[in-house]
Amino acid sequence: MTAYLGDVAALARKDLRLELRARDTLPAMALFVVATLVVFHFALPGGASEDAAYGLLWVALVFTALLGLGRAWAPESEAGALDGLVLATSDRSAIWLGKALATLAFLVAAEVVALPAFALFFAPLDGPALLGVLLASVGICAVGSLVSAMAAAARGREVLLPLLFLPLAIPLVVGGVGSSISPEPGAYLAFLGLYDAVFAILSWAAFEYVVTE
Amino acid sequence: MSAGEKYVAAAYGVFLVFVLVWAAIIATKLSRLERETGELARLARARTAGEQGDG
Amino acid sequence: MSITRPSLSALAALAVALAAASVLLTFFIAPEDADQGLSQKIFYVHVPIALTAYACFGLGAWKALRLLLTRGERYDLESYTGIHQGTIFGALTLVTGSIWAKASWGVWWTWSSNQLVLFLVLFLFYCAYFMLRFSIEPGPQRERISAVYALFGVALIPVSFFAIRLASDFIHPTVFTREGPQMTGSMFAAFCASWAAITLLAYVMYRTELAGKRTDVNLRELREALAR
Numbered sequence: 001m002t003a004y005l006g007d008v009a010a011l012a013r014k015d016l017r018l019e020l021r022a023r024d025t026l027p028a029m030a031l032f033v034v035a036t037l038v039v040f041h042f043a044l045p046g047g048a049s050e051d052a053a054y055g056l057l058w059v060a061l062v063f064t065a066l067l068g069l070g071r072a073w074a075p076e077s078e079a080g081a082l083d084g085l086v087l088a089t090s091d092r093s094a095i096w097l098g099k100a101l102a103t104l105a106f107l108v109a110a111e112v113v114a115l116p117a118f119a120l121f122f123a124p125l126d127g128p129a130l131l132g133v134l135l136a137s138v139g140i141c142a143v144g145s146l147v148s149a150m151a152a153a154a155r156g157r158e159v160l161l162p163l164l165f166l167p168l169a170i171p172l173v174v175g176g177v178g179s180s181i182s183p184e185p186g187a188y189l190a191f192l193g194l195y196d197a198v199f200a201i202l203s204w205a206a207f208e209y210v211v212t213e
Numbered sequence: 214m215s216a217g218e219k220y221v222a223a224a225y226g227v228f229l230v231f232v233l234v235w236a237a238i239i240a241t242k243l244s245r246l247e248r249e250t251g252e253l254a255r256l257a258r259a260r261t262a263g264e265q266g267d268g
Numbered sequence: 269m270s271i272t273r274p275s276l277s278a279l280a281a282l283a284v285a286l287a288a289a290s291v292l293l294t295f296f297i298a299p300e301d302a303d304q305g306l307s308q309k310i311f312y313v314h315v316p317i318a319l320t321a322y323a324c325f326g327l328g329a330w331k332a333l334r335l336l337l338t339r340g341e342r343y344d345l346e347s348y349t350g351i352h353q354g355t356i357f358g359a360l361t362l363v364t365g366s367i368w369a370k371a372s373w374g375v376w377w378t379w380s381s382n383q384l385v386l387f388l389v390l391f392l393f394y395c396a397y398f399m400l401r402f403s404i405e406p407g408p409q410r411e412r413i414s415a416v417y418a419l420f421g422v423a424l425i426p427v428s429f430f431a432i433r434l435a436s437d438f439i440h441p442t443v444f445t446r447e448g449p450q451m452t453g454s455m456f457a458a459f460c461a462s463w464a465a466i467t468l469l470a471y472v473m474y475r476t477e478l479a480g481k482r483t484d485v486n487l488r489e490l491r492e493a494l495a496r
């Protein structure tokens, strides 16, 4: 168990350190999400309700996550290192967990920029909304890391990743928007928790089949 | 035909068309398979004829 | 599983008989619905198609699970064909559902019909299955990745269903309602006959397609053997 967690921590740390050195993905995600929010201001007609703005927040978050997920396996595939990792670790699912945690860290960092910007430009965000963002981020990174690995094995991966990810992201958007605008966010937050549990377990179990030759 | 009848006919008609299109696709595939097995049979015949000729 | 066992022609004949029975029951015996009139008859073809689509996706996922657990050769093609059938019937569900929506409510599409929206999401998901499958080189990795994706599909079905239910609370108020199946005996019989016919038809289509795909594979091997 501790060896497993040690693998996971080492893998996540590697990704974080690579990003700290290269600094290409995270600034891009932060800039992208703010630019998207600005575009949304111009895209929203004048009389649009506050609820519409919350919807757009979630569109921005999903597409920012896609940006990050597209780069999630890039360090491994560029260096041809994924095969080595697969051979080196005791349990392949640790690779997924390490990657998902690192991606979550990046996404949360981008949200630290995005959420205040949203609150400034559009509408305030309360406790349930923020919890919804956090829960949905977990789901995004769990499913996204797996699906991104699938795309990495394929041709045309940049185009394929959104096609694979978006249908799976729809329930997360529903949960997230609901927790932001509904007077009773409890059901939506519980739903997000359910999604996270189901798809994290599935991704964790299925990852080794995706990545072995 | 009333409007209701037209829609019912459309729904059943669409279903029928889908199944017929599927059948047409399978038929095309079958004729291709027939052609290819014919070629392979010809190849096999030529080979056994060749072997009998040599042996 | 060959094309002859259990006899495909017998199953096909049975499907024809059931289809004839269901048409008879639907149009000549079952009474017309008091509220919706004749257009309610679409129900007898639309709902079985939807149920069959779910069954095909389930079959594809089951075969996918068998592939991952046992690594048997046959399961990849069986899973793929199941998903293929499911997608065909899913598309049919959307089309017949749209026609029914137009007949009942005057619009070709409505976001209030949870089933229509669910099938739209699933259709997107399973179309991506084919894009994924054909972007990867044939081989064991493609088989496994396809299988994992098929399994994610069946997990997505209930999750999306709940999501759409939750979403309908705040996205669109439910304006359109449709009576649940308070069916008389003959209506129920018509529905069952229809459901049996369409399920059997889907199975015959599945077996036929599978035989075609397997023959393709065998032919390719034969060709390689003879070319040597």
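Residue numbers (the working numbering), protein chains in the order written: chain V, 1 to 213; chain L, 214 to 268; chain R, 269 to 496. Just so you know, even glycine gets a beta-carbon here, dropped at the ideal spot from N, CA and C.
Leaving out five residues before and five after residue i in sequence, what residues of the same chain have Cβ atoms less than 8 angstroms from its Cβ?
i                : result
Gly193 (chain V) : Leu135
Ala289 (chain R) : Ala461, Ala465
Asn486 (chain R) : none
Need the endpoints of the alpha helix (DSSP H) that residue i sits in, please.
i                : result
Gly358 (chain R) : 343-373
Ile181 (chain V) : 157-181
Gly453 (chain R) : 453-495
Trp96 (chain V)  : 93-121
Ala153 (chain V) : Unbroken run through Ala153 (chain V): none, as it is neither H nor E.
Trp73 (chain V)  : Looking at the DSSP string, Trp73 (chain V) is not in any alpha helix (DSSP H), and its letter there is neither H nor E.
Asp7 (chain V)   : 2-22
Asp83 (chain V)  : 82-88
Leu125 (chain V) : Looking at the DSSP string, Leu125 (chain V) is not in any alpha helix (DSSP H), and its letter there is neither H nor E.
Pro274 (chain R) : Here Pro274 (chain R) belongs to no alpha helix (DSSP H), and DSSP marks it neither H nor E.
Can you name, in chain order, every residue of its own chain whose Cβ lies under 6 angstroms from the Cβ of residue i, other than the five neighbours on each side?
i                : result
Pro162 (chain V) : Leu66
Met269 (chain R) : Low local confidence applies: a pLDDT of 47 at Met269 (chain R) is under 50, so the model's placement there is unreliable, and no value is given.
Arg475 (chain R) : Leu276
Ala298 (chain R) : Ser454, Met455, Ala458
Val62 (chain V)  : Ala169
Ala431 (chain R) : none
Tyr322 (chain R) : none
Ala200 (chain V) : Ala142
Asp301 (chain R) : Gln308
Ala53 (chain V)  : Phe122, Ala123
Distance, Cα to Cα, residue i vs residue j?
i                : j                : result
Gly251 (chain L) : Ile317 (chain R) : 38 angstroms
Lys479 (chain R) : Ala12 (chain V)  : As written in the sequence, residue 479 (chain R) is Ala, which differs from the Lys given in the question. One C-alpha to the other measures close to 47 angstroms.
Ile95 (chain V)  : Val86 (chain V)  : 8 angstroms
Thr103 (chain V) : Leu97 (chain V)  : 10 angstroms
Phe420 (chain R) : Leu386 (chain R) : 15 angstroms
Arg334 (chain R) : Gln383 (chain R) : 29 angstroms
Thr442 (chain R) : Leu424 (chain R) : Note that Thr442 (chain R) scores a pLDDT of 49, beneath 50, so its modelled location is shaky and nothing firm can be said.
Val221 (chain L) : Phe456 (chain R) : 18 angstroms
Asp51 (chain V)  : Phe122 (chain V) : 10 angstroms
Tyr471 (chain R) : Ser277 (chain R) : 12 angstroms
Ile239 (chain L) : Ala285 (chain R) : 22 angstroms
Leu390 (chain R) : Val313 (chain R) : 20 angstroms
Trp58 (chain V)  : Ala105 (chain V) : 18 angstroms
Ala28 (chain V)  : Ser347 (chain R) : 40 angstroms
Asp7 (chain V)   : Leu16 (chain V)  : 14 angstroms
Gly340 (chain R) : Phe402 (chain R) : 21 angstroms
Ala237 (chain L) : Pro171 (chain V) : 38 angstroms
Ala154 (chain V) : Val147 (chain V) : 11 angstroms
Which whole-angstrom value describes the C-beta separation of residue i and residue j, a residue pair presumed to lie in contact below a C-beta threshold of 8 angstroms?
i                : j                : result
Phe325 (chain R) : Val422 (chain R) : 6 angstroms
Ser381 (chain R) : Gly365 (chain R) : 7 angstroms
Trp376 (chain R) : Ala369 (chain R) : 6 angstroms
Leu26 (chain V)  : Ala110 (chain V) : 7 angstroms
Val315 (chain R) : Val227 (chain L) : In fact, because the Cβ distance is near 15 angstroms, the residues do not count as touching under 8 angstroms.
Leu189 (chain V) : Ser180 (chain V) : About 11 angstroms; that fails the 8 angstroms criterion.
Ala129 (chain V) : Val34 (chain V)  : Ala129 (chain V) to Val34 (chain V), Cβ: 18 angstroms. No contact.
Ala332 (chain R) : Ala415 (chain R) : 4 angstroms
Pro185 (chain V) : Gly139 (chain V) : Not confirmed; about 16 angstroms, so no contact.
Leu345 (chain R) : Lys481 (chain R) : 5 angstroms
Leu82 (chain V)  : Val211 (chain V) : 7 angstroms
Thr349 (chain R) : Glu477 (chain R) : 5 angstroms
Leu226 (chain V) : Phe165 (chain V) : Lying outside 1 to 213, the shown extent of chain V, residue 226 (chain V) is not represented and no answer is given.
Leu37 (chain V)  : Ala60 (chain V)  : 6 angstroms
Which residues in the same chain have their Cβ closer than 7 angstroms to the Cβ of residue i, if we skip the five residues on either side of it in sequence?
i                : result
Tyr417 (chain R) : Tyr397, Leu400
Phe32 (chain V)  : Thr64, Leu67
Ala152 (chain V) : Trp73, Ser77
Val108 (chain V) : Ser137
Glu534 (chain R) : Nothing about residue 534 (chain R) can be read from this structure; chain R reaches only from 269 to 496.
Following a CB-centred definition, is residue i positioned closer than 7 angstroms to any heavy atom of the ligand PLP?
i                : result
Gly350 (chain R) : Inclusion of the ligand PLP in the displayed structure is not the case, the ligand content being empty and no account of it being possible.
So if DSSP puts residue i in a beta bridge, which residue, or which two residues, is it bridged to?
i                : result
Asp301 (chain R) : R:Gly305
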